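Visitor: Below: one structure in structure tokens.
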Amino acid sequence: MYGYVKATEGLTYANPVFSDDWPTIKTVGMVRGAYHYFHASDDPVDQANFFLNAIGAMADDDLPPALDWEVDDNAGVQTNIQGALVWLETVEKATGKTPLIYTRARFFNKLGNPIEFARYPLWIAETEVICPKVPPPWKNYAIWQWSMRHVNGVKTIVDLDLFNGSNDQLDHFTHNGTL
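The end of the sequence shown is residue 246 by my numbering, with every number in the run present.
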């Protein structure tokens, strides 16, 4: 089992319970990952550093960090693309792990399906469908958010996600960032 927890958003929001959730995920025997909700209207290097400061050093057995990219902030396509690339490159250089991109097909299609992101694993968000639509340039997804609902022991609605592979492949993905 694995779980991702939101660490930061833009330059102004740090999850107030991240410091509790981050170690707890590991303590209960789950593989953990952290994500940042991206805003193209904020400086991407500052956002990456805000995220990196929040998560601290990543362990070898932590999942790759993720960029939650689902709003454009009316910043324009090129600003979004360049900003996301800068964030991804900054975080990869600092952690040694290739980050995932969490997005929706409709949002990514609106950006023109830029080929520059093909090397980053896809975490596709498409709930309550039998099979998600995978936007170009990807051919498949690493993780699929297939539902959002209440689960026992959690006060808020949570995302339910499916890793696209076996437990051995999840272990490989955790350490190498590839399926």
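Beta carbons are placed, not taken as given, at the ideal position from N, Cα and C, and that holds for glycine.
Computed from a prediction, not measured in an experiment: that's the story for all the values here.
Mapping the DSSP letters down to three states, classify Ser86 as helix, strand or coil.
Guide: Helix at Ser86.
Visitor: Could you work out which residue in Leu189, Lys164, Phe175 and Leu130 is closest to Tyr71 when comparing CA atoms only?
Guide: Tyr71 has its Cα closest to that of Leu130, out of Leu189, Lys164, Phe175 and Leu130.
Visitor: Below 7 Å between beta carbons: does that hold for Ala81 and Ala121?
Guide: Cβ distance < 7 Å, so Ala81 and Ala121 count as in contact.
Visitor: Measure how close the beta-carbons of Ile210 and His217 come, nearest whole angstrom, since I'm counting them as under 8 Å.
Guide: That pair is no contact at about 21 Å.
Visitor: Once you ignore the five residues that flank Ala185 on each side, which residues in its own chain have a CB closer than 7 Å to its CB?
Guide: Correct list, in chain order: Pro204 and Trp205.
Visitor: Report the three-state DSSP secondary structure of Val221 (helix, strand or coil).
Guide: DSSP places Val221 in coil when its eight states are reduced to three.
Visitor: Please name the residue in Thr75, Trp213 and Val221 whose C-alpha comes closest to that of Asp109.
Guide: That would be Thr75, whose Cα lies nearest to the Cα of Asp109.
Visitor: So the alpha helix (DSSP H) Gly150 belongs to, where does it begin and stop?
Guide: Residues Val144 to Thr162.
Visitor: Just mark Asn147 as buried or exposed, buried being the case when its beta carbon has 16 or more other beta carbons within 10 Å.
Guide: It is buried - the Cβ of Asn147 has at least 16 other Cβ atoms within 10 Å.
Visitor: Do the region 148-159 and the region 177-197 make contact, defined as three or more Cβ pairs closer than 8 Å?
Guide: Judged by Cβ distances under 8 Å, the region 148-159 makes contact with the region 177-197, as three or more pairs qualify.
Visitor: Consult DSSP for Glu183 and reduce its assignment to one of helix, strand or coil.
Guide: In the structure shown, Glu183 sits in a helix (DSSP, three-state: H, G or I).
Visitor: Within 10 Å of its beta-carbon, does Thr157 have 16 or more other beta-carbons around it, so buried, or fewer, so exposed?
Guide: Under this definition Thr157 is a buried residue.
Visitor: Give every residue of the same chain whose Cβ lies closer than 8 Å to the Cβ of Val153, excluding the five residues on either side of it in the sequence, and list them in chain order.
Guide: Cβ within range, chain order: Pro111, Val112 and Ala115.
Visitor: What are the boundary residues of the beta strand (DSSP E) that Asp168 is part of?
Guide: Here residue 168 is Ile; the residue named in the question, Asp, does not match the sequence. Segment Leu167 to Thr170, the beta strand (DSSP E) holding Ile168.
Visitor: Ends of the beta strand (DSSP E) at Thr241?
Guide: Here Thr241 belongs to no beta strand (DSSP E); instead the alpha helix (DSSP H) covers Asn234 to Asn243.
Visitor: What does Thr75 pair with, by DSSP beta-bridge criteria?
Guide: Ala81 and His103.
Visitor: Do Thr241 and Val98 have their C-beta atoms closer together than 7 Å?
Guide: Result yes, Cβ atoms of Thr241 and Val98 sit closer than 7 Å.
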